[in-house]
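Residue numbers (this note's numbering): 27 to 464.
We treat Cβ as the ideally placed atom computed from N, Cα and C, and that holds for glycine.
All remarks here apply to the structure that follows.
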Ligand SMILES: Nc1ncnc2c1ncn2[C@@H]1O[C@H](COP(=O)(O)OP(=O)(O)OP(=O)(O)O)[C@@H](O)[C@H]1O
Ligand SMILES: [Mg+2]
């Protein structure tokens with residue numbers, strides 16, 4: 027598993043080590059060059075110091091300090107080419123061919139030499155390049171020790187800082203671990219780095235939304251159970267009456283009530299299912315081109331018998347093809363509930379008109395009736411679940427308009443309640459963009 031902690035430490039410590047190595051290598055190169063220049067100059071100085079010497083003893087008493095420590099060898103030849111002096115008995119180096127500074131090979135080693143001629147004598151001062159290198163290395167070793175200590179201290183500081191910087195993340199992880207679907211406590215937002223604060227704020231917002239959705243869901247289930255209890259109690263009661271009834275009349279009455287109880291329960295279950303399908307959280311179903319004209323025709327033919335029984339004229343006005351890209355089931359539930367309401371709440375002899383038309387970017391669906399209408403102050407409330415206004419009759423369950431509103435929201439549309447042209451009745455106007463879903 028990937029760990030930010032480990033990744034950061036690995037990156038920073040690698041960068042630190044690479045820097046240390048680079049500093050070491052570049053210092054070595056620099057120091058070596060400086061030392062070489064310095065020793066070349068020293069070769070020249072030593073040669074000069076031997077130039078004016080009158081006599082040379084082939085057996086010197088002892089090598090001087092610089093000769094011992096820094097590996098210099100001084101050789102002197104007389105005009106006939108005979109070696110008359112050497113500072114190291116056991117070191118025989120060839121003579122360079124020309125005067126000046128040279129690098130020559132002798133044995134397995136490279137030597138740096140300086141040769142001068144004076145009054146027929148030749149003086150050559152040499153130094154082994156291996157000796158030079160050893161001196162550069164020992165110098166670098168001494169300078170690198172404090173650098174290495176500083177880098178080790180830096181590594182420890184980096185380790186502590188990285189651990190410390192990541193503690194807010196651990197705190198959040200612990201906070202999230204304590205959460206459960208039943209207790210969505212917001213995570214603490216104080217003392218958080220700016221990089222993490224937006225994430226925590228967003229999480230808290232989502233928890234809040236989730237908690238809200240849970241509450242709504244719980245209330246909905248409780249309301250639904252409560253609403254279902256009424257028709258089921260009535261059904262049980264009527265069944266008992268039916269069992270005990272002796273007369274035909276009593277039996278028919280009980281059967282009638284039983285039928286309406288079953289219808290009511292069936293209606294409630296149907297409405298609950300329809301609502302569950304169009305809720306904003308519900309997954310998207312088939313999205314395709316839907317002909318509103320066909321939907322209206324189907325719904326009107328389904329409900330025309332109920333309208334006719336009530337003496338209500340049900341008509342559609344859709345002269346042009348009205349087509350929308352959307353969810354057929356949601357659109358059907360939406361129009362069907364509006365027509366159902368219009369027929370249900372309009373008195374016999376009334377009229378219900380369903381209109382569908384196009385505007386430049388939207389389609390407009392209107393359902394107008396000649397019923398009692400809804401007072402202005404009550405209009406917003408009828409979209410709430412299980413809210414039936416002043417109605418107490420057993421014919422509805424108060425979910426129709428909630429279904430309508432959810433379907434409108436799913437299609438990014440708008441809904442408005444108003445009066446018809448005569449000032450009476452209710453006119454519901456829905457506007458839906460023609461290509462709302464993606
Ligand atoms: N066309 C209308 N005319 C008058 N009142 C209406 C009309 N449409 C709805 N209402 C009022 O709004 C309330 C809510 O309507 P909604 O369709 O949500 O529930 P319902 O019709 O009571 O039950 P159901 O879920 O079975 O449709 C109704 O009870 C009624 O009081
Ligand atoms: Mg209704």
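Check: Inter-residue CB distance, residue 137 and residue 119 (contact presumed, cutoff 8 angstroms); Outcome: 6 angstroms
Check: Per-residue burial, residue 282 [other beta carbons within 10 Å of its own, 16 or more giving buried]; Outcome: exposed
Check: Terminal residues of the alpha helix (DSSP H) in which residue 120 lies; Outcome: No alpha helix (DSSP H) holds residue 120; DSSP gives it neither H nor E.
Check: Cross-strand partners of residue 395 (DSSP beta bridge); Outcome: 378
Check: Residue 127, buried or exposed, once every other Cβ within 10 Å from all chains shown has been counted against 16; Outcome: exposed
Check: For residue 39 and residue 33, the rounded distance between their alpha carbons; Outcome: 10 angstroms
Check: Supposed close pair residue 389, residue 318 - CB separation, criterion 8 angstroms; Outcome: 6 angstroms
Check: Residues whose Cβ lies closer than 6 angstroms to any heavy atom of ligand 2, in chain order; Outcome: 363, 366, 367, 422, 426
Check: Entirely enclosed beta strand (DSSP E) segments - the stretch 405–445, minimum 3 residues; Outcome: 440–444
Check: Span separating the alpha-carbon of residue 338 from that of residue 371; Outcome: 11 angstroms
Check: Own chain residues within Cβ distance below 8 angstroms of residue 188, not counting five before or after; Outcome: 31, 34, 35, 38
Check: Same chain only: Cβ atoms within 6 angstroms of residue 87, ignoring 5 sequence neighbours per side; Outcome: Annotation note: pLDDT 48 at residue 87 (below 50); position unreliable, no value reported.
Check: Residue 449 Cβ short of 7 angstroms to ligand 1 heavy atom set; Outcome: no
Check: Residue 417 classed as buried or exposed, judged by whether at least 16 other C-beta atoms fall within 10 angstroms; Outcome: exposed
Check: The stretch 356–373 touching the stretch 313–333, judged by at least three CB pairs closer than 8 angstroms; Outcome: yes
Check: DSSP state of residue 271 mapped onto helix, strand, coil; Outcome: coil
Check: Buried/exposed call for residue 209, threshold 16 Cβ in 10 Å; Outcome: exposed
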